[in-house]
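Single-structure report; data block below.
Numbering (full-length UniProt numbering), first residue to last: 1 to 220.
Right under this line is the structure:
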């Protein structure tokens with residue numbers, strides 16, 4: 001059994017000193033190249049510095065996954081997107097404007113100038129801005145994070161930090177617990193790398209939701 005501490009960040013006063021200290025611990029771990037577990041609006045995620053190949057490698061090792069499963073990236077504000085990609089299409093920007101923060105993941109071509117290694121990506125990356133105050137607090141200080149569901153490969157994500165720790169153990173340095181995420185619906189994934197936007201996974205957002213913003217969007 002792991003003895004890595006779990007920090008309760010479920011209280012609502014995010015200006016309180018104890019809460020800030022716990023966010024500080026998570027941010028410090030990321031800056032040191034270590035892993036954290038934090039809540040998002042869909043699942044608990046295990047996170048690493050997106051720009052540290054060693055940290056991303058540790059994340060894949062903790063999950064017992066290979067490089068053929070590239071890691072998505074979470075951002076803390078919509079403006080970061082433009083700095084990560086070659087070009088944001090008008091339709092992709094419309095979806096981000098409409099549904100971020102929230103359960104929308106968009107796949108885009110990332111800029112070749114970025115110093116990151118997320119696995120065998122083929123030059124594309126899945127990006128999302130989560131709608132959870134704890135995740136956004138962390139992201140506002142760390143910048144983009146490589147984040148995958150907080151479980152080992154082939155198992156279900158834990159519904160809280162304790163369940164995540166049972167699977168990931170001491171591979172993670174800081175666990176942030178904001179309470180249980182019950183029946184978390186995964187994000188909807190839209191491929192924005194082609195001439196037309198294509199829904200490759202329908203999750204919390206339906207095709208109709210997306211079509212209300214981009215009528216020409218298609219299902220895979």
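Yeah, the Cβ is synthetic: ideal placement off N, Cα and C, and Gly gets one too.
| query | result |
| --- | --- |
| Would residue 200 and residue 189 be called neighbours here (beta carbons separated by less than 7 Å)? | yes |
| Would you give the residue range spanned by the beta strand (DSSP E) that residue 40 belongs to? | That residue, residue 40, is in no beta strand (DSSP E); it is neither H nor E in DSSP. |
| Mind checking who residue 188 pairs with in its DSSP beta bridge? | 104 |
| Examine the Cβ distances between the segment 121-132 and the segment 16-36 and report whether three or more of them are shorter than 8 Å. | no |
| Whose C-beta lies closer than 7 Å to the C-beta of residue 20 among residues of the same chain, with five residues either side of it excluded? | none |
| Return the bridge partner residues of residue 175 from the DSSP annotation. | 6, 37 |
| Return helix, strand or coil for residue 124, following the three-state DSSP convention. | strand |
| Below 8 Å, how does it come out for the segment 85-101 and the segment 194-211: are there three or more Cβ pairs, yes or no? | yes |
| What are the uninterrupted segments assigned as alpha helix (DSSP H) that are 4 or more residues long and contained completely in the segment 125-149, given in chain order? | 133-142 |
| Any idea what DSSP makes of residue 69, helix, strand or coil? | coil |
| Given this structure, state the Cα-to-Cα distance separating residue 185 from residue 142, to the nearest angstrom. | 26 Å |
| Is it the case that the Cβ atoms of residue 171 and residue 62 are separated by a distance below 7 Å? | yes |
| Compute every distance between the C-beta of residue 154 and the non-hydrogen atoms of the ligand GDP, then say whether any falls below 6 Å. | Absent from the structure shown: the ligand GDP. Ligands present: none. |
| What does residue 45 pair with, by DSSP beta-bridge criteria? | 38, 149 |
| Is the number of C-beta pairs between the segment 204-216 and the segment 58-72 that are closer than 8 Å three or more? | no |
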